[in-house]
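Asks: I'd like to ask some things about the structure below.
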Amino acid sequence: MRKETGDIRDIWGRFTTGVTVITTTEEIDDGSDVCGSKSDTRKSQEQDATEGSKHSAVHGMTANALCSVSIEPPLLLLSVGINRRSKRLIESKNRFGINFLNTAQLDIAIHFSKSDPGRDQPEGLDYWYTAIGIPMISGSLAYIDCRVAQHFEVADHVIFIAEAETFALGQGEPLVYYEREYKRLDRWDS
Ligand SMILES: Cc1cc2nc3c(=O)[nH]c(=O)nc-3n(C[C@H](O)[C@H](O)[C@H](O)COP(=O)(O)O)c2cc1C
Numbered sequence: 298m299r300k301e302t303g304d305i306r307d308i309w310g311r312f313t314t315g316v317t318v319i320t321t322t323e324e325i326d327d328g329s330d331v332c333g334s335k336s337d338t339r340k341s342q343e344q345d346a347t348e349g350s351k352h353s354a355v356h357g358m359t360a361n362a363l364c365s366v367s368i369e370p371p372l373l374l375l376s377v378g379i380n381r382r383s384k385r386l387i388e389s390k391n392r393f394g395i396n397f398l399n400t401a402q403l404d405i406a407i408h409f410s411k412s413d414p415g416r417d418q419p420e421g422l423d424y425w426y427t428a429i430g431i432p433m434i435s436g437s438l439a440y441i442d443c444r445v446a447q448h449f450e451v452a453d454h455v456i457f458i459a460e461a462e463t464f465a466l467g468q469g470e471p472l473v474y475y476e477r478e479y480k481r482l483d484r485w486d487s
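All the letters of the sequence shown, read from the start, carry residue numbers 298 to 487 under the numbering used here.
What follows is the structure in structure tokens.
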């Protein structure tokens, strides 16, 4: 029997997760006002070659609705709200990057969780690019470069099933999310 006792988000708040930023790219008009955007309009080397008034900018979204689906092939699942800008960008490219954050990247997690974070970028936010041009946040705990295999709408979210095409380990201690707060891991005394 179903019992409704409060907010389901309080239950999921008890499920401890890591924190990631999903990175994509979007086309920006060079002359446009980017105030209020959390897209980084600095150009990559490849993007410098782009002719005309448009170029690609990095877009990020903090995410934790993410899990591994299979190891062979290496599939994973990401759930994205239908109103998120990231949903449109992932669908248009069929590609995205996953950046697993470390404790030194708290400000980056906060920055990319805001839909309108203002003009300021967090200190130390920098990117490198995978072979196929997916932007990754420098200094992260780990990285996966993903190709969307299938996606489907469920209620107010889109479920992306993606294949990890390339991946790399980075550095640091994991940034953790528990009861709607960012935390760090403690260790058992041995
Ligand atoms: C810790 C944390 C985890 C989040 N996880 C997700 C997620 O998995 N999927 C999602 O759609 N939004 C998630 N969000 C909300 C988005 O980060 C937020 O709505 C963001 O502004 C969306 O950006 P966009 O609309 O520019 O893509 C999360 C927020 C936080 C703070």
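We treat Cβ as the ideally placed atom computed from N, Cα and C, and that holds for glycine.
If you measure from the CB of Tyr424, is any heavy atom of ligand 1 nearer than 7 angstroms?
Replies: Locating residue 424 in the sequence shown gives position 127, where the first residue counts as 1. Not under cutoff, so the answer is no.
Asks: Just tell me which of His454, Asp304, Glu420 has its CA closest to the CA of Leu403.
Replies: Counting from one through the sequence shown, the residue named residue 403 turns up at place 106. Per the Cα distances, Glu420.
Asks: Is any non-hydrogen atom of ligand 1 found closer than 7 angstroms to the C-beta of Arg444, if you look at the structure I gave you?
Replies: If you number the sequence shown from 1, residue 444 lands on position 147. No.
Asks: Give the DSSP bridge partners of Arg488, in chain order.
Replies: This structure does not reach residue 488, given that the chain is present from 298 up to 487, and the question cannot be answered.
Asks: Our contact map puts Tyr426 next to Ile434 with C-beta atoms below 8 angstroms; I'd like the distance itself, whole angstroms only.
Replies: Here residue 426 refers to the residue found at position 129 of the sequence shown. Here residue 434 refers to the residue found at position 137 of the sequence shown. Actually they are not in contact, since the Cβ atoms of Tyr426 and Ile434 sit about 11 angstroms apart, beyond 8 angstroms.
Asks: Whose CA, out of Glu460, Ala354, Val473, lies closest to the CA of Thr320?
Replies: Along the sequence shown, one-based indexing puts residue 320 at 23. Checking every option, the nearest Cα to that of Thr320 belongs to Ala354.
Asks: Hey, would you say Val455 sits closer than 8 angstroms to Lys384, going by beta carbons?
Replies: Your numbering for residue 455 matches position 158 in the sequence shown. Your numbering for residue 384 matches position 87 in the sequence shown. Result yes, Cβ atoms of Val455 and Lys384 sit closer than 8 angstroms.
Asks: Report yes if the CB atom of Leu422 is closer than 8 angstroms to the CB atom of Ile395, and no otherwise.
Replies: Residue 422 sits at position 125 when you count from the first residue of the sequence shown. Residue 395 sits at position 98 when you count from the first residue of the sequence shown. Their beta carbons are not under 8 angstroms apart, which means Leu422 does not touch Ile395 by this criterion.
Asks: Counting Cβ pairs, one atom from each stretch, are 3 or more of them under 8 angstroms apart for the stretch 444-452 and the stretch 465-482?
Replies: The stretch 444-452 vs the stretch 465-482: no contact.
Asks: Restricting to runs no shorter than 3 residues, where is the beta strand (DSSP E) found entirely within the stretch 404-456?
Replies: 424-426, 432-434, 439-451
Asks: Answer with buried or exposed for Ser487, where buried requires no fewer than 16 other C-beta atoms within 10 angstroms of its C-beta.
Replies: Taking the first residue of the sequence shown as 1, we reach residue 487 at position 190. Per the 10 Å Cβ criterion, exposed.
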